[in-house]
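The structure under discussion appears below in the form of structure tokens.
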Amino acid sequence: MVSPKIIPQHRRLYEILRKHILDGVYKEGDLLPSENELCQLYGMTRPTVRQSLSRLSNDGYIRKHQGKGSIVHNLPKEIGILSVSGTTSAVGDRKLKTTIIVKPVLMQWPADFMFPLTQLEKESGCIYMERVRFLEDIPIFYDITYLANLNLPRITVRQFENKSLFQILRNYYRIEIKSGEQRIKAIPANKKISRFLHLKNDQPVLHLERKMETNNPDLFLYSSIFCNTEKYSIFGRF
29 MVSPKIIPQH
39 RRLYEILRKH
49 ILDGVYKEGD
59 LLPSENELCQ
69 LYGMTRPTVR
79 QSLSRLSNDG
89 YIRKHQGKGS
99 IVHNLPKEIG
109 ILSVSGTTSA
119 VGDRKLKTTI
129 IVKPVLMQWP
139 ADFMFPLTQL
149 EKESGCIYME
159 RVRFLEDIPI
169 FYDITYLANL
179 NLPRITVRQF
189 ENKSLFQILR
199 NYYRIEIKSG
209 EQRIKAIPAN
219 KKISRFLHLK
229 NDQPVLHLER
239 KMETNNPDLF
249 LYSSIFCNTE
259 KYSIFGRF
């Protein structure tokens, strides 16, 4: 197994605190530990801690009050599908489940692919997978993933049921998502989408087409995602 790539300290603290907020360790109105306490607890510098807290504030998880500190904010029901940390990390421990519709399989790229491909990508083929992701037993995302077949040994035999794709890429292949672009539009749900997301035929759904850049300049992750937003909105930062 390849050693996980080290992530920046400020991002690591951000992920820890965000998970604690989502898991209910810190509830609405609670004060987070002070900057000094976080520095001592995690062995980080004050600028690093402040960078983490600023991002938490920008993402709506806390409000910073002069003389009081960082107060946990009551989050709306939103899902971090647009986050480079991935949906699993963004949602936290809120009963996120994944059902595999099509296990990872090696295939040629579709002729009418949604983004332009490099010659290397075309020559290498892609790893294709379909998933439905549930939050609190409600089907939220029907996710079709394409990943260039570039030095990802045994990825088609790995277990993705209730697993994070981003974490698998990070832990086994040292692949980190850096940034991305997406197109978003509302479309009527066809029979397949309606069946997976428990919607009526032709009911509007959000369709996201995404291209994610990684720390490997030749490797991109592509997704075609259909979103059921009846109960949850989506948010995120790139």
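Positions in the sequence shown are counted from 1; adding 28 to them yields the working numbering. Note that CB positions come from ideal geometry on N, CA and C, so glycine has one too.
Straight-line Cα distance separating residue j from residue i
i: I221; j: L234; result: 11 Å
i: A217; j: G97; result: 46 Å
i: W137; j: H38; result: 37 Å
i: S80; j: L180; result: 32 Å
i: I109; j: N243; result: Bear in mind that the predicted position of I109 carries a pLDDT of just 49, short of 50, making it unreliable; the figure below should be weighed with that in mind. Distance between the alpha carbons of I109 and N243: 20 Å.
i: H93; j: L84; result: 13 Å
i: P245; j: Q147; result: 14 Å
i: F224; j: L124; result: 16 Å
i: R91; j: L227; result: 37 Å
i: R40; j: Y200; result: 19 Å
i: R186; j: F169; result: 21 Å
i: G95; j: I212; result: 41 Å
i: R182; j: Q231; result: 38 Å
i: G120; j: N229; result: The predicted model places G120 with a pLDDT of 47, which falls under 50 and marks its position as unreliable; any figure quoted below should be read in that light. So the alpha carbons of these two residues sit roughly 31 Å apart.
i: C67; j: S207; result: 28 Å
i: D58; j: P75; result: 23 Å
i: C255; j: R78; result: 34 Å
Spatially closest choice to residue i from the options, by CA coordinates
i: D140; options: R159, K150 and P132; result: K150
i: R238; options: Y260, P144, D51 and P75; result: P144
i: E209; options: L249, P132 and I35; result: L249
i: V133; options: M157, S152 and L124; result: M157
i: S152; options: E164, Q231 and M135; result: M135
One or two residues paired with residue i in a DSSP bridge
i: A176; result: C154
i: Y170; result: V160 and F254
i: T146; result: According to DSSP, T146 bridges with nothing at all.
i: R211; result: E237
i: P138; result: Note: P138 sits in no beta bridge, so no partner.
i: M127; result: The sequence given here has Thr at residue 127, not Met. Looking at the DSSP assignment, T127 forms a beta bridge with V160.
i: P216; result: P232
i: G97; result: H93
Close-in-space but distant-in-sequence residues of the same chain around residue i (CB under 8 Å, 5 per side omitted)
i: Y89; result: L45, R46, I49, V100, H101 and L103
i: S251; result: D171, I172, T173, Y174, L236, E237, R238 and M240
i: L69; result: P61
i: T126; result: R159, V160, R161, F162, F188, E189, N190 and K191
i: K131; result: M157, T184 and F188
i: A214; result: P232, V233, L234 and H235
Neighbourhood of residue i by C-beta distance below 7 Å, restricted to the same chain and skipping five residues each side
i: L247; result: A176, L178 and I203
i: H54; result: Per the sequence shown, residue 54 should be read as Tyr rather than His. For Y54, where only same-chain residues beyond five positions count, the Cβ hits under 7 Å are H48, L60 and V100.
i: L197; result: I203
i: I35; result: none
i: T257; result: L234
Proximal residues to residue i (C-beta, below 6 Å), its chain only, five neighbours per side dropped
i: M72; result: Q37
i: M142; result: E237
Any non-hydrogen atom of the ligand NAP closer than 7 Å to residue i Cβ
i: C67; result: Annotation note on the ligand NAP: not contained in the displayed structure, which lists no ligands.
Unbroken stretches of the beta strand (DSSP E), 3 residues or longer, contained in the region 228-261:
You should have 232-242 and 248-255.
Alpha helix (DSSP H) runs wholly inside the region 47-92, at least 4 long, in chain order:
DSSP runs (the alpha helix (DSSP H)) wholly in the region 47-92: 63-70 and 74-86.
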